[in-house]
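Input: a single structure, listed below in structure tokens.
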Amino acid sequence: MLDETNLHSLVDAGQILAALRTKHGDERVRQLEELQVGMATENVLGITSLILRAKVAYVDAEGRIASDSLVVKRLPLSLKQLELVDNCNSFEREIEFLAEYAPLLRERALGRWLPLVECYWGAERTLVMEDLCAGGYQSLVGTIGDLRTDVFTPEHVEAVLKVLAGLHAASAGIDWEQRFPRYLPHNPLFDGTDGEYFRSTLVSAIEGLLFLADARLTELYPEVMCWLREGDVFEELRRCGKRDEQTGQLEVKIVDYQLGKFAPASCDLFYFLYTSISHDLRLANEPGWLELYRREFNALVGEQFRLEEQRFEQHCRKNRIYGLMFATLCRPMLYMHKRTPSAEMSDEKFVEFMVRDYKGHEHNQSLKLEVDNIFVDLVCYYYSNKFGNAQ
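Going by our numbering, the first residue of the sequence shown is number 154, and it counts up by one from there.
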């Protein structure tokens, strides 16, 4: 059982001091006076990391005691979680993103605000970052189960799409293959050290759902399932938001980059729309949301990078499969009561959390409707791309 003493031993005071000096300036932080450590969150669980909150008191340049709060993201304690971290290179990837990619994106944004969390220290598979809660941000989603309903309002969706457009616009024109070849796979989901894990995970998720699907789909279209390989965690839990006190507008930041890969921008769009938004709400609003994204993106980039309407529609048709794969993996999980475990994760809890066994849920009508919607979407995509005759 993790208590305050155990948690304190998981945070390096030297790393905290270095982070404070990066944040405030070397000359503004003389020494660390007090360090208190607790869990950063109890409802948004870290699957590939242990996330702690460090409340600190330090001596400033004038000899006065000042206080601050930081978030520490470090290796999880469960051996099963560590296996996943090693397979995905998640800490190395996130540290590299924050140390190399994020400064480049900020430089190219020419002073425009970007939705990137600040990282003040990153090495040795540990990150010390800004505490968004201390800055007034809140997770847009309380628990995974909240997504069974339309927890996201149209305002939330539009805020996220604008954030993605701004981030993508800052990356337009970078020669990623030349600058950062290490995490530029030919296929952004299938390749890389985590490819086999995602491959087996999605296959397992699909197999677990087959018996729930409408019989006509599994009998008539078995081929639909053969080429869906892998998936990812929920994108929406990587975002936190707050309202601007002056304008009242919703401001969103992205806080997690552990499983990020370079991919077409439309992959990001469909990750979000297919895992965060209900089927009916997405169908009713998707054309307008995609056009909002396209306008926002075009307003931020040079002429040569602008998305002409027909070209953008082609990108969306091609990359919609990423959203469908993630919906197949993630949306049914919303109906599993064990998807919101406590903040402390043991090997047993992690294994239980990752198992996708839907037997016993045959009479859950909400789950069956979710699965039916996924399979109908898959069949439509299959025919529109293989035969070109689906409407």
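Backbone N, C-alpha and C define an ideal beta-carbon position, used for all residues, glycine too.
To the nearest angstrom, how far is it from the Cα of residue i to the Cα of residue j?
i, j, result
"residue 327", "residue 258", "9 Å"
"residue 230", "residue 190", "16 Å"
"residue 386", "residue 185", "With a pLDDT of only 37 at residue 386, under the threshold of 50, the placement of this residue in the model should not be trusted, and no figure is reported."
"residue 199", "residue 292", "13 Å"
"residue 456", "residue 262", "16 Å"
"residue 255", "residue 410", "11 Å"
"residue 192", "residue 299", "21 Å"
"residue 485", "residue 301", "9 Å"
"residue 396", "residue 306", "14 Å"
"residue 247", "residue 175", "18 Å"
"residue 179", "residue 214", "9 Å"
"residue 173", "residue 289", "19 Å"
"residue 243", "residue 249", "10 Å"
"residue 458", "residue 402", "28 Å"
"residue 537", "residue 466", "14 Å"
"residue 418", "residue 443", "12 Å"
"residue 499", "residue 399", "44 Å"
"residue 167", "residue 441", "49 Å"
"residue 201", "residue 470", "31 Å"
"residue 545", "residue 517", "One cannot answer for residue 545 here, as it falls past the ends of the chain, which runs 154 to 544."
"residue 436", "residue 357", "27 Å"
"residue 439", "residue 310", "10 Å"
"residue 330", "residue 432", "36 Å"
"residue 502", "residue 522", "28 Å"
"residue 171", "residue 177", "10 Å"
"residue 162", "residue 239", "23 Å"
"residue 474", "residue 352", "15 Å"
Is the beta carbon of residue j closer than 8 Å to that of residue i?
i, j, result
"residue 241", "residue 350", "yes"
"residue 514", "residue 488", "yes"
"residue 164", "residue 211", "no"
"residue 283", "residue 225", "no"
"residue 430", "residue 281", "no"
"residue 504", "residue 233", "yes"
"residue 253", "residue 333", "yes"
"residue 462", "residue 314", "no"
"residue 405", "residue 316", "yes"
"residue 205", "residue 237", "no"
"residue 394", "residue 287", "no"
Contact check, residue i vs residue j under 8 Å by CB: the rounded distance?
i, j, result
"residue 535", "residue 476", "That pair is no contact at about 14 Å."
"residue 104", "residue 209", "The question about residue 104 has no answer, for the chain in this structure spans 154 to 544."
"residue 427", "residue 318", "Rounded, the Cβ-Cβ distance is 18 Å, inconsistent with contact."
"residue 460", "residue 451", "6 Å"
"residue 251", "residue 227", "Incorrect: roughly 15 Å between the Cβ atoms, too far for contact."
"residue 530", "residue 434", "About 14 Å; that fails the 8 Å criterion."
"residue 408", "residue 285", "6 Å"
What are the residues that DSSP puts in a beta bridge with residue i?
i, result
"residue 275", "280"
"residue 191", "206"
"residue 211", "185 and 219"
"residue 403", "396"
"residue 291", "394"
Is any heavy atom in the ligand SAM found nearer than 7 Å to the beta carbon of residue i?
i, result
"residue 472", "Looking for the ligand SAM in the displayed structure turns up nothing, as the structure carries no ligands at all."
Say whether the region 477-487 touches the region 519-527, bearing in mind that this needs 3 or more beta-carbon pairs closer than 8 Å, one atom from each stretch. As far as the Cβ criterion goes, the region 477-487 touches the region 519-527, which means the pair count is three or higher.
With three or more beta-carbon pairs closer than 8 Å as the criterion, would you say the region 267-277 touches the region 200-219? Cβ pair count under 8 Å is below three, so no.
Do three or more CB pairs link the region 313-326 to the region 251-267 at distances below 8 Å? Between the region 313-326 and the region 251-267 there are three or more inter-stretch CB-CB distances shorter than 8 Å, so the stretches are counted as touching.
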